[in-house]
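Q: Here the working numbering is used: the sequence shown runs in plain steps of one and ends on residue 438.
Note that beta-carbon positions come from the ideal geometry of N, C-alpha and C, so glycine has one too.
All of these numbers come straight from a predicted model, not from anything done at the bench.
Can you read through this structure? Questions will come right after.
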Amino acid sequence: MSGGPLPGAPGPGARLGGPRAAFVWGLGVAVYFAAITYRTSLGVAGIDAADRFHINASALSTFSILQLLVYAGMQIPVGLLVDRWGTKKVLTLGIVLFTTGQFAFALSGSYAMALAARGLLGCGDAMTFISVLRLGSNWFPPRRGPLIAQVAALFGMAGNLLTTLVLARLLAAFGWTPTFAGSAGLGVVVLVLVLLFLKDRPEGAVPASSLPPLEPGPEARHGEGYVRRQLAAAWREPGTRLGMWVHFTTQFPGMVFLLLWGMPFLVEAQGRTRAEASTLLTLVVLSNMAIGLVYGQVIARHHSARAPIALGTVLATAAVWAMVLCWPGRAPMGALVVLCVVLGACGPGSMIGFDFARPANPPERQGTASGIVNIGGFTASMTTLLAVGVLLDATGGDYRIAFASVFVLQAVGTVQILRLRGRAHRRERERVVASRVEAVHVPV
-5 MSGGPLPGAP GPGARLGGPR AAFVWGLGVA VYFAAITYRT SLGVAGIDAA
45 DRFHINASAL STFSILQLLV YAGMQIPVGL LVDRWGTKKV LTLGIVLFTT
95 GQFAFALSGS YAMALAARGL LGCGDAMTFI SVLRLGSNWF PPRRGPLIAQ
145 VAALFGMAGN LLTTLVLARL LAAFGWTPTF AGSAGLGVVV LVLVLLFLKD
195 RPEGAVPASS LPPLEPGPEA RHGEGYVRRQ LAAAWREPGT RLGMWVHFTT
245 QFPGMVFLLL WGMPFLVEAQ GRTRAEASTL LTLVVLSNMA IGLVYGQVIA
295 RHHSARAPIA LGTVLATAAV WAMVLCWPGR APMGALVVLC VVLGACGPGS
345 MIGFDFARPA NPPERQGTAS GIVNIGGFTA SMTTLLAVGV LLDATGGDYR
395 IAFASVFVLQ AVGTVQILRL RGRAHRRERE RVVASRVEAV HVPV
């Protein structure tokens, strides 16, 4: 079997890696940094939002649920857009949407307007991470994929660090509108940088738009044939489905804690001051960044470690939550520190899902496959955000019962990981063998 390079793959003249790649990829990561800052800004403003809009726990959780619902619903369309349009166009549109959403949130005087603003923010946020993953695969060698993905997530989490360290203090000092409106300036800065300097791929790479022409007929003329083929082909791969369930099972405990319920849990259920709670949330972010580097290095060198690390992350998360929730009375600071350190592993653990989907799909299908994987964790987060809010209202604020919903979703996801693990491994091994045989028989 011969033929030209795959669409989106580097051509013979393409140079992968190096300072130029780091600079361009860094611009994409800066966009993700801004998106994470905006996404998590409500995490330090949940109590303020409840007072501002006069809402209960269920209504408060609706902010994040709507944001994640839009995010999850956009993943497959965004993956398809990245595969067809390239990263620069999708990132530019994402920046405009999430910056507009953040600014509108600053000016919101009603619950309905604030909901619409968070939905718009979620739509723009949805366009960032898949684009950054594709940008990394375009500019760096495949063997560096796991590390590049973890480092992208690490720098993205620095946006959460900005939220807990800076935004929380600005909110306390200046109030709602100046804080959120001022933060929207970050989006304007990254928009200018992307428009001026970002490139989809290095010189010599084959554009993703070099996809084969669509089949004739009314479906193809409207792109429906292409969409169906992309989705069906990506979903058929066990590695894609395994990646989705790994993302589903690992990500949501940490995200729910950082995105909304961590601050109220620490202040209202554990009796900590807002300053102490902010410090603990910062610890989750710092732990995430440190563990992400470790996971990326280990998986890049030992591919077989993916599933054990993912399952170990789930087990450790369940154990620390059980410890804190079962503690008689309020948990001591030491137990809360352990909880926050372990919750920091949830983000890096979810990135392993992409490491299962990446080798299972060719370059021209990476965006679609990444979109399917990314749906997993955000669906679980959205479900848990709703469950915690409803259970808090139903039980009069019993956080132990509310957070017990975490264990249900972890159990569901773990069963699916164990079910798909062997199938995905066999399929991946078959692809490696086939590629080696093909390389031997390709004429020079």
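Drop a sphere of 10 angstroms on the beta-carbon of valine 188, count the other beta-carbons inside from all chains shown, and report buried for 16 or more, exposed for fewer.
A: As a first step, residue 188 is located in the sequence shown; it is residue number 194 there, counting from the start. Under this definition valine 188 is a buried residue.
Q: When the Cβ atoms of the stretch 30 to 40 are set against those of the stretch 154 to 165, are three or more pairs found closer than 8 Å?
A: The stretch 30 to 40 is in contact with the stretch 154 to 165.
Q: Are aspartate 77 and glycine 361 touching if we call contact CB-CB under 8 Å?
A: By 1-based counting over the sequence shown, the position of residue 77 is 83. By 1-based counting over the sequence shown, the position of residue 361 is 367. Contact: yes.
Q: How is alanine 166 classed by DSSP in three states: helix, strand or coil?
A: Residue mapping note: residue 166 aligns to position 172 of the sequence shown, counting from 1. DSSP places alanine 166 in helix when its eight states are reduced to three.
Q: I need the straight-line Cα distance from leucine 205 to glycine 365, nearest angstrom please.
A: For the purposes of this step, residue 205 is taken as residue 211 along the sequence shown, with counting starting at 1. For the purposes of this step, residue 365 is taken as residue 371 along the sequence shown, with counting starting at 1. In this prediction, leucine 205 has a pLDDT of 43, which is less than 50 and means its spatial position is unreliable; nothing more can be read from the coordinates.
Q: Just list the alpha helix (DSSP H) runs in the stretch 119 to 161, keeping only unbroken ones of 4 residues or longer that don't cross its boundaries, in chain order.
A: Listed in chain order, the complete alpha helix (DSSP H) runs (minimum 4 residues) inside the stretch 119 to 161 are 123 to 133, 139 to 156.
Q: Can you check which of these residues, Gly341, Met238, Leu305, is closest to alanine 354 by C-alpha distance?
A: Residue numbering aside, residue 354 sits at position 360 when the sequence shown is read from its first letter. Nearest C-alpha to alanine 354: Met238.
Q: Could you tell me which of Pro140, Val409, Leu305 sits nearest to tyrosine 289, measuring between CA atoms?
A: Here residue 289 is taken as the residue at index 295 of the sequence shown, counted from 1. Answer by Cα proximity: Pro140.
Q: Distance, Cα to Cα, valine 38 vs alanine 152?
A: Position 44 of the sequence shown, counting from 1, holds the residue named residue 38. Position 158 of the sequence shown, counting from 1, holds the residue named residue 152. Going from the Cα of valine 38 to the Cα of alanine 152 covers about 15 Å.
Q: Evaluate the contact criterion for the stretch 230 to 244 versus the stretch 409 to 428: three or more CB pairs, one atom per stretch, below 8 Å.
A: Cβ pair count under 8 Å is three or more, so yes.
Q: Check histidine 297 in the structure and name its three-state DSSP category.
A: Residue mapping note: residue 297 aligns to position 303 of the sequence shown, counting from 1. Histidine 297: helix per DSSP, three-state reduction.
Q: Quick check on the burial criterion: 16 or more other C-beta atoms within 10 angstroms. Buried or exposed for cysteine 320?
A: Taking the sequence shown and counting its residues from 1, one reaches residue 320 at position 326. Exposed, since its Cβ has fewer than 16 Cβ neighbours within 10 Å.
Q: Quick one: give me the first and last residue of the alpha helix (DSSP H) that isoleucine 49 is part of.
A: Translated into positions along the sequence shown, residue 49 becomes position 55. No alpha helix (DSSP H) contains isoleucine 49, which DSSP labels as neither H nor E.
Q: The alpha helix (DSSP H) with leucine 36 in it runs from where to where?
A: Counting from one through the sequence shown, the residue named residue 36 turns up at place 42. First-last for leucine 36: undefined, no H or E at that position.
Q: Can you name, in chain order, every residue of its own chain whose Cβ lies under 7 Å from the Cβ of leucine 414, other than the five neighbours on each side?
A: The sequence position of residue 414 within the sequence shown is 420, counting from 1. Pro232, Arg235, Leu236, Trp239.
Q: Candidates Leu412, Leu379, Val427: which alpha carbon is nearest serine 55's?
A: Residue numbering aside, residue 55 sits at position 61 when the sequence shown is read from its first letter. The option with the nearest alpha carbon to serine 55 is Leu379.
Q: By the three-class DSSP mapping on this structure, what secondary structure does threonine 171 have?
A: Start at 1 with the first residue of the sequence shown, and residue 171 comes out as number 177. DSSP places threonine 171 in helix when its eight states are reduced to three.
Q: According to DSSP, simplified to helix, strand and coil, what is proline 210?
A: Position 216 of the sequence shown, counting from 1, holds the residue named residue 210. The pLDDT assigned to proline 210 is 40, lower than 50, so where the model puts this residue is not dependable; a value taken from the coordinates is nonetheless given after this. Proline 210: coil per DSSP, three-state reduction.
Q: Please report the straight-line C-alpha distance between glycine 2 and isoleucine 49, rounded to a whole angstrom.
A: Translated into the one-based positions of the sequence shown, residue 2 becomes position 8. Translated into the one-based positions of the sequence shown, residue 49 becomes position 55. With a pLDDT of only 42 at glycine 2, under the threshold of 50, the placement of this residue in the model should not be trusted, and no figure is reported.
Q: In this structure, how does DSSP classify proline 302 when only helix, strand and coil are distinguished?
A: Taking the first residue of the sequence shown as position 1, residue 302 is located at position 308. DSSP places proline 302 in helix when its eight states are reduced to three.
Q: CB-CB under 6 Å to leucine 385, same chain, minus the five flanking residues each way: which ones, in chain order?
A: Counting from one through the sequence shown, the residue named residue 385 turns up at place 391. Within the same chain, leucine 385 has close Cβ partners Ile395, Ala396.
Q: Considering only the beta carbon of each residue, do threonine 244 and cysteine 334 sit closer than 8 Å?
A: As a position in the sequence shown, residue 244 is number 250, starting the count at 1. As a position in the sequence shown, residue 334 is number 340, starting the count at 1. Not in contact: threonine 244 and cysteine 334 (Cβ atoms no closer than 8 Å).
Q: Buried or exposed: where does valine 72 fall if 16 or more other Cβ atoms within 10 Å of its Cβ makes it buried?
A: Stepping through the sequence shown from its first residue, residue 72 is reached at position 78. Its Cβ being crowded by 16 or more others within 10 Å, valine 72 is buried.
Q: Roughly how many whole angstroms lie between the Cα atoms of valine 426 and serine 104?
A: Taking the first residue of the sequence shown as 1, we reach residue 426 at position 432. Taking the first residue of the sequence shown as 1, we reach residue 104 at position 110. Computed Cα separation, rounded: 55 Å.
Q: Closest to phenylalanine 17 by CA distance: which of Met257, Leu412, Leu192 is it?
A: By one-based count along the sequence shown, residue 17 stands at place 23. The shortest C-alpha separation from phenylalanine 17 is found at Leu192.
Q: Say the cut is 7 Å; is the CB of serine 55 nearer than that to a heavy atom of the ligand SAH?
A: The ligand SAH is not among the ligands present in this structure, which contains no ligands whatsoever.
Q: With three or more C-beta pairs closer than 8 Å as the rule, is the stretch 108 to 121 touching the stretch 272 to 286?
A: They do not touch, by the three-pair rule.
Q: Just verifying my parser: in three-state terms, what is the DSSP assignment at threonine 267?
A: In the sequence shown, residue 267 corresponds to position 273, counting from 1. Three-state DSSP puts threonine 267 in coil, outside helix and strand.
Q: Which word fits serine 177, buried or exposed, when buried means at least 16 other C-beta atoms lie within 10 angstroms of its C-beta?
A: Stepping through the sequence shown from its first residue, residue 177 is reached at position 183. Buried: at least 16 other Cβ atoms inside 10 Å.
Q: Using the three-state DSSP reduction, which class does alanine 398 fall into: helix, strand or coil?
A: For this step, residue 398 is matched to residue 404 along the sequence shown. It is coil, neither helix nor strand.
Q: Under 8 Å Cβ to Cβ from valine 221, same chain only, skipping five residues before and after it: list those, please.
A: Translated into positions along the sequence shown, residue 221 becomes position 227. Excluding residues within five positions, the ones whose Cβ falls inside 8 Å are Leu74.
Q: Using 8 Å as the cut-off, can you tell me whether the stretch 300 to 316 makes contact with the stretch 162 to 179, which would need three or more C-beta pairs spanning the two stretches below that distance?
A: Contact fails: fewer than three Cβ-Cβ distances are below 8 Å.
Q: Could you tell me the distance, in whole angstroms, from the CA atom of methionine 249 to the CA atom of glycine 286?
A: On the sequence shown, residue 249 is found 255 positions in, with the first residue counted as 1. On the sequence shown, residue 286 is found 292 positions in, with the first residue counted as 1. Cα to Cα, methionine 249 sits roughly 15 Å from glycine 286.
Q: Under the assumption that tryptophan 19 contacts leucine 129 (Cβ atoms under 8 Å), give the Cβ distance between them as a whole number of angstroms.
A: On the sequence shown, residue 19 is found 25 positions in, with the first residue counted as 1. On the sequence shown, residue 129 is found 135 positions in, with the first residue counted as 1. Correct: roughly 6 Å between the Cβ atoms.
Q: Which residues mark the beginning and the end of the alpha helix (DSSP H) in which leucine 10 is found?
A: Counted from its first residue, the sequence shown places residue 10 at position 16. From DSSP, leucine 10 is part of no alpha helix (DSSP H); its letter is neither H nor E.
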